[in-house]
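Number of protein chains: 2
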Amino acid sequence: MTTARRDTYTPETLLSVAVQVFNERGYDGTSMEHLSKAAGISKSSIYHHVASKEELLRRAVSRALDGLFGILDEEPARTGRAAERLEYVVRRMVEVLIAELPYVTLLLRVRGNTGTERWALQRRREFDHRVAELMKAAAADGDVRGDVEVRLATRLVFGMINSIVEWYRPDGRGMGRQEVADAVVQLAFAGLRRQD
Amino acid sequence: MTTARRDTYTPETLLSVAVQVFNERGYDGTSMEHLSKAAGISKSSIYHHVASKEELLRRAVSRALDGLFGILDEEPARTGRAAERLEYVVRRMVEVLIAELPYVTLLLRVRGNTGTERWALQRRREFDHRVAELMKAAAADGDVRGDVEVRLATRLVFGMINSIVEWYRPDGRGMGRQEVADAVVQLAFAGLRRQD
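Now the structure itself:
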């Protein structure tokens with residue numbers, strides 16, 4: 001939760017308040033009035049920063065999407081064997097999800113009622129497709145098992161990763177980002193069964 | 001969607017309509033008026049069957065919980081090596097989730113605003129705990145890897161399974177229940193990597 005005072009509000013701090021309210025109340029259930037109360041500034045002050053509630057949504061989900069698509073541009077995601085690139089992308093997805101937890105949580109809850117939401121869903125599908133392509137390439141190399149259909153395997157691995165938003169709390173008491181990322185990579189690639 | 005007519009309504013068919021409406025509108029966002037319209041019967045006819053909206057919720061989530069807890073009473077979940085019992089339970093969780101898709105979907109979306117919701121969350125935690133205990137026993141036997149903390153591994157496997165409600169559609173065109181159950185068991189226990 002931001003502790004920014006009225007005179008220190010920036011588009012960035014306003015966004016972090018908005019994302020928190022969207023996640024608590026749902027985007028549809030949030031009014032500019034709710035945002036104004038949560039931020040402790042007037043509606044006209046909010047309109048000084050953004051044109052609409054939907055602009056805040058677009059900025060918030062863009063931040064999550066930029067984080068995710070940014071992974072695909074990183075060197076280890078672009079070069080080398082497909083299976084290693086895939087493993088790198090899975091690890092980085094967990095890291096980005098935790099680093100941008102409220103933004104990714106919002107992205108995963110988008111439902112498609114507005115143009116911005118439909119655009120976000122479309123971008124999510126593009127990202128899923130890019131990762132599925134990587135998995136397909138790894139299967140073609142013979143590094144990833146061929147007995148589970150690629151689209152289904154992608155969905156299940158995404159399901160495992162995305163479920164982290166339901167329980168991960170960055171309160172310093174629980175596990176760290178690296179522990180979670182390691183566990184996801186271990187389970188996704190090698191499974192629960194002990195390998196001797 | 002049920003096609004039951006007014007004179008054929010039973011608590012069972014009313015429940016299936018209610019669960020669909022709860023899943024579409026959210027439990028909090030559903031009124032008896034919404035249920036009455038969706039069922040095509042008067043509110044007083046609904047009150048002939050149930051005392052309240054909350055009773056419908058309780059019956060619906062009970063059906064999902066009974067399905068899940070029932071697994072633990074099945075012979076292969078009770079006898080044999082812990083790792084095999086765990087694998088059986090994981091497979092059956094996917095089967096029950098798909099067989100009772102709308103009911104489990106509702107259970108997974110419960111938020112805790114009412115007594116019934118808090119009771120359902122408590123029962124879910126008990127189920128998670130039972131499965132975590134099984135995983136702990138399998139790790140103690142040396143059959144399940146020891147390098148991923150049991151609670152974290154349980155959460156990730158549950159995340160994979162529960163994510164199925166987000167995309168599985170029993171429309172006959174997509175994959176079958178067995179294909180999904182096989183994939184989950186393969187990925188959860190052996191991972192994506194091809195074993196040579």
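Protein chains in written order, with UniProt numbering: chain W, 1 to 196; chain F, 1 to 196. Heads up, the beta-carbon is just placed ideally off N, CA and C, and yes, glycines get one too. Just so it is clear, the structure is predicted and the values come from calculations on it, not from any experiment.
Does residue i have its Cβ less than 9 Å from a Cβ in chain W?
i, result
"R145(F)", "yes"
"M175(F)", "yes"
"G40(F)", "no"
"A83(F)", "yes"
"V61(F)", "no"
"A77(F)", "no"
"Q195(F)", "yes"
"G142(F)", "yes"
With a threshold of 8 Å on Cβ separation, who are the neighbours of residue i within its own chain once the five nearest residues in sequence on each side are excluded?
i, result
"residue 224(W)", "Given that chain W is displayed from residue 1 to residue 196, the structure contains no residue 224(W) and the question cannot be resolved."
"S31(F)", "K53"
"E74(F)", "Y88, R92"
"R193(W)", "none"
"D143(F)", "R81, A82, A83"
"E33(F)", "K43"
Leaving out the 5 sequence neighbours to the left and right, which residues in its chain are closer than 6 Å to residue i when beta-carbon positions are compared?
i, result
"A190(W)", "none"
"N162(F)", "L108"
"H49(W)", "P11, L14"
Thinking C-beta only, is residue j closer than 9 Å to residue i?
i, j, result
"K53(W)", "Y88(W)", "no"
"A39(F)", "R85(F)", "no"
"V104(F)", "G70(F)", "no"
"G159(F)", "M160(W)", "yes"
"residue 197(W)", "V148(F)", "Because residue 197(W) is not part of the residues shown, which for chain W are 1 to 196, the question remains open."
"W119(W)", "R58(W)", "yes"
Using a Cβ-Cβ distance under 9 Å, would residue i count as near chain F?
i, result
"A153(W)", "yes"
"A99(W)", "no"
"G112(W)", "no"
"A183(W)", "yes"
"L86(W)", "yes"
"M189(W)", "In the sequence on display, residue 189(W) carries Phe and not Met. Closer than 9 Å to some Cβ of chain F, the Cβ of F189(W) qualifies, so yes."
Do you know offhand how far residue i's Cα is from residue j's?
i, j, result
"A4(W)", "A188(W)", "With a pLDDT of only 46 at A4(W), under 50, the local geometry of the prediction cannot be trusted, and the value read off the model is given with reservation. Rounded to the nearest angstrom, the two C-alpha atoms are 40 Å apart."
"G29(W)", "L56(W)", "14 Å"
"L35(F)", "A51(F)", "13 Å"
"A99(F)", "A60(F)", "14 Å"
"L121(W)", "A18(F)", "28 Å"
"S42(W)", "V21(W)", "16 Å"
"A64(W)", "L152(W)", "24 Å"
"H129(F)", "L72(F)", "12 Å"
"Y9(W)", "S16(W)", "11 Å"
"V94(W)", "E179(F)", "27 Å"
"A181(W)", "S45(W)", "40 Å"
"S62(W)", "L106(W)", "11 Å"
"R25(F)", "L97(F)", "21 Å"
"M175(W)", "V150(F)", "13 Å"
"V157(W)", "L156(F)", "10 Å"
"R123(F)", "N23(W)", "25 Å"
"Q186(F)", "Q195(F)", "11 Å"
"K37(W)", "R125(F)", "35 Å"
Going along the chain, which residues of its own chain have a beta-carbon closer than 7 Å to the beta-carbon of residue i, five neighbours each way excluded?
i, result
"L134(W)", "A82, R85, L86, V89"
"R111(W)", "E117"
"L101(F)", "V165, Y168, P170"
"T114(F)", "E54"
"T154(W)", "D128, V131, A132, M135"
Please compile the residues from chain A whose C-beta is within a distance smaller than 8 Å of the C-beta of residue i.
i, result
"S163(W)", "No chain A is present in this structure, whose protein chains are W and F."
Along the stretch 121 to 140 of chain F, where does the CB come closer than 7 Å to a CB of chain W? Name the residues. none
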